[in-house]
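The structure appears right after this line, and notes come after that.
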Amino acid sequence: MTFLTARLSPSSASTRPGPSGTGPERAGEGRWGARRVAVTEAPPELLQAQARARASKAENSNVDAGSCPADRKAAAVKAGPGTPSFHASRGRTGVPPYQPRERPLTDGKHFLATLRMEPKADVVLAGLTMHKRSTGLRNVVGKLDAYHGNLTLVNGRRNPAPHAESLRRAVIELEAALEDYGRKHAHRHKEPMKELLAQVHKERRAVESLCGMLDTLPRDGTFPAQHMLELLRDGVAPEHIIHGIAASRSATQIFVASACERARVCVGVLTENTPFTEAAHVPDRRAELGSGAVNTVWRADFRIGGKTVPMVFKPENPGGDIGIAAKAAGIEAQSPNFAGRARATYLCSQALGLSLVPPTDVTILHGQVGSVMGLVNGCQPISIGSVRIELPPKLAEGLRTRPDALTAYALQCGCTAASIAGNVLQLERRVQVPVFHEEGLPRTGPAGHPLTQPRDLPIRIALPVDSGTFRRDMVSAQWLDCFTRQVDRTSMNFMLVPRQDGGFDLRLIDNDASFGTNIRATDKIEPKTTKATHRTNLPLRIDRSQFDAFMSLDVVDALARALHGPLDDASVEITRKDALAFKEILKEYEGRGWVLETDAQWASPEVAAALGIDHDGSRLRDALKATPSERWRQRNAAAKLQQRADVTSYVAREAMEQGILQWERGVLKTAPQELLGLPALFDLAELQTLARGDTGAVETKARRGPDGAQRMEG
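In the UniProt record's numbering, the protein residues as written are 1 to 714.
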């Protein structure tokens, strides 16, 4: 058998799911789906890998890109939705071989085993038959065995249509036997029978679809009926299967194409060499991590190379809302391709030599297409109710010896509890608040006591905005987000990994709201405009290593080749143009001396001003003094400063939010009940001082105003 692989030409068409053409018939130039491809014979090592990976000889026969009969090509045109080819993704040959998730119905012997009953033959004594099972149970077991007998005939015949009809009748008879058994008023196996009946209902629908498909397909046995039935059980629509068979595609290609179309992602993002497969998944480690406006994310562990690798699985949400920011950015609701965008962001981070984005890939898990990203052992700048922070060992050791000082410091910062177990610091901010009637009156209990309910309040981690290292990392993240046209980089989408020196390593998560087609990386962003939604202007400084990476980026070949799998062609072309524009902008930066070499340069006041950082709190202090004494006017002035900082730089945004929070807590010191509306402010740098035992030197920023004063009167 000759295996063929497809290599995309540079001017290929879109990777979005849609009607496809026919597969290439021989080595040379041809078309695959909507793309021009160059077809070459695969190297021996790839042949060996493919041979090992295929589940059966029948599966292998469908990978061969042989010629298609004319009637099969005609059927492909009528089939409806297309199944894009996955052997045509750039430089890759598809995904791991298809392994059915849904299995056939159990046979009689194994079903009895589930009932903890051994199969027993009837006994004949003196011409009388003694039945060892009830008539109803015997009938169910017999129908199960009859179903399996017909299933074997369907799977083993070149022309399975007649046997498929017998299989359909067998399933109907099994369904009737189960329903008859279930009508009995009392039997010991009610729940297992109900579960089996639900499976039979599903199997009947799949078999009936199979019978309908066999009436329209060529009876040449090229695509085994077993594979058709497996795909139908796994929820693949009959029209997708017919279309895929007509285009000489394998069960793997048909299943993945259908899954990607349902998930609304680009097919080229799925790769054969991903280690994060269903087979490697550790099933008992799956746990929900949280829900956002669009997706729910899960922890998913994988067993790779003898080690357990923790990942975050973010399945696509077919039919769900994509969010206002994504729509405004030009991400189409019909094909948002969030998993592909997350993968493309990781590839861009790698191309620029950055370690800001955890390893990100795309897989199919439990039948759902989604992104998998490395689990980050850190914390977000803002958490609601509680936060867990894995501390460096030395810092944790110092705090474990001073639990009372840790608790006192946490209460000073606005937390309600703090504890440390091992190296993990746990902070909480949960309070009891009154319960009110609709009329606004407080509700009371039977004894007249006011009713309360728990409420989780925010905790903010103070960021080292004066640190040159932290500024450099934040600006690098900003350059990456501008380049990928990210529109959802809120404070909740950073992860902070504490270091021993009190600083943080930065990681970027939730990277899928990117690469929209309505925006450009070089757009001018003004406050309070639609473009200002979680976006910034280009920073006015750049690190030397990132400058060199942008200037050496091969935007014509390497960049396009990396992004054409995860993204559609329109998004790739805009990114390529932005990369060329960046090169011109950065030449000007170098001429102005805006390319920085050292952390000391990043920590300078001159750079702070260029990044829009209110370095000494003077901007906030002047704005508050220049307004009347009413609190709402002061807050309005602070909000305007915040809006300007939001579009200038990430580090300016975080610094201004911290400054305003410090001012608010200082003003409200005499009205502690109003502090419920403010986040707690917890500073790990001061915590490090506490761990060393220097409690006298700790003066929390939560108690200081923007100029270091104990409080600022309104």
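Quick reminder that beta carbons are idealized off the backbone N, C-alpha and C, glycines included.
Item: Nearest candidate by alpha-carbon position, reference T277, set E397, D361, E438 and H163; Value: D361
Item: beta-carbon L347 near the ligand SAM non-hydrogen atom, thresh 7 Å; Value: Absent from the structure shown: the ligand SAM. Ligands present: none.
Item: Beta-bridge pairing of I304 - partner residues as DSSP gives them; Value: K307
Item: CB-CB length for V297 against V312, believed under 8 Å; Value: 6 Å
Item: Supposed close pair A280, L214 - CB separation, criterion 8 Å; Value: A280 to L214, Cβ: 35 Å. No contact.
Item: For S371, three-class secondary structure by DSSP; Value: strand
Item: For C211, three-class secondary structure by DSSP; Value: helix
Item: Residues near N317 by beta carbon distance below 7 Å, same chain, minus five either side; Value: V294 and N295
Item: Proximity winner among D616, K625 and A521, relative to L580 (alpha-carbon distances); Value: A521
Item: Which of helix, strand or coil DSSP assigns to S61; Value: In this predicted model, S61 has a pLDDT of only 36, less than 50, meaning its place in the structure is not dependable; the value taken from the coordinates is given anyway. In the structure shown, S61 sits in a helix (DSSP, three-state: H, G or I).
Item: DSSP three-state assignment for F582, whether helix, strand or coil; Value: helix
Item: Contact check, L690 vs A405, beta carbons under 8 Å; Value: yes
Item: Spatial neighbours of T274 in its chain, beta-carbon cut-off 7 Å, leaving aside the 5 residues before and after; Value: D361 and T363
Item: Element boundaries [beta strand (DSSP E), containing S552]; Value: Not the beta strand (DSSP E): S552 falls in the alpha helix (DSSP H), residues R544 to S552.
Item: Boundaries of the alpha helix (DSSP H) in which I241 is found, first to last residue; Value: P238 to A246
Item: DSSP three-state assignment for P498, whether helix, strand or coil; Value: strand
Item: Integer-rounded CB distance, given that A329 should sit under 8 Å from N518; Value: 6 Å
Item: Sufficient close CB pairs (3 or more, under 8 Å) joining the segment 498 to 508 to the segment 454 to 465; Value: yes
Item: Under the three-state DSSP convention, the category V387 falls into; Value: strand
Item: When A645, Q380 and L620 are compared against R633, the one with the closest alpha-carbon; Value: L620
Item: Backbone CA spacing between R471 and F483 [nearest angstrom]; Value: 18 Å
Item: At least 3 beta-carbon pairs within less than 8 Å: the segment 541 to 552 vs the segment 523 to 533; Value: no
Item: Residues bridged to H437 [DSSP beta-bridge criterion]; Value: In DSSP, H437 forms no bridge with anything.
Item: Presumed contact (8 Å Cβ cut-off) between G182 and L167, rounded CB distance; Value: At roughly 23 Å, the Cβ-Cβ gap does not stay under 8 Å, so G182 and L167 are not in contact.
Item: First and last residue of the uninterrupted beta strand (DSSP E) at Q426; Value: V424 to E428
Item: Runs of alpha helix (DSSP H) wholly within the segment 450 to 533 (minimum 4 residues, chain order); Value: 468 to 484
Item: Cβ contact (3+ pairs, closer than 8 Å) linking the segment 386 to 400 and the segment 572 to 586; Value: no
Item: Coarse secondary structure for S291, derived from DSSP in three states; Value: strand
Item: Where the alpha helix (DSSP H) through V265 begins and ends; Value: No alpha helix (DSSP H) holds V265; DSSP gives it neither H nor E.
Item: Exposure of A247, with buried meaning 16 or more beta-carbon neighbours within 10 Å; Value: buried
Item: Proximity of N337 and V265 at Cβ, strictly below 8 Å; Value: yes
Item: Where the alpha helix (DSSP H) through I324 begins and ends; Value: I324 to A329
Item: S250, DSSP secondary structure in three states; Value: coil
Item: Three-state secondary structure assigned by DSSP to L678; Value: coil
Item: Secondary structure of H615, DSSP reduced to three states; Value: coil
Item: Proximal residues to L661 (C-beta, below 7 Å), its chain only, five neighbours per side dropped; Value: R460, L678, P679 and L681
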